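These notes concern the structure reproduced below.
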Amino acid sequence: MFQISFYVPEIKLELVKNANPTIEHLDKLETIKEYKVEMICASNHLSSVISAMKSAHP
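Quick note: the working numbering has the sequence shown finishing at residue 1103, numbered continuously throughout.
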């Protein structure tokens, strides 16, 4: 079993499945409210879960 954690900006909370890593402008530091998402993943699903997360969030 593995624990996976990541942060989601409040304004993007409903769009986690189609993540876009920018909020307003590229290469600009921004401070925003975020939510931490945590999940437990069985070892036999870890590879596919990580692949799905990478494909959703470049």
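Glycine included, C-beta positions come from ideal geometry on N, C-alpha and C.
It should be emphasised that the depicted structure is a prediction, and the values quoted were computed from it without experimental measurement.
| message | Only counting the same chain, and skipping five residues up and downstream in sequence, which positions put a Cβ closer than 6 Å to that of residue 1090? | response | none
| query | Under 7 Å between the Cβ atoms of residue 1082 and residue 1053? | reply | yes
| message | Assuming contact is defined by CB atoms lying nearer than 7 Å, are residue 1055 and residue 1073 in contact in what I supplied? | response | no
| message | Any heavy atom of the ligand ATP inside 6 Å of the beta-carbon of residue 1084? | response | Ligands displayed in this structure: none; no statement on the ligand ATP is therefore possible.
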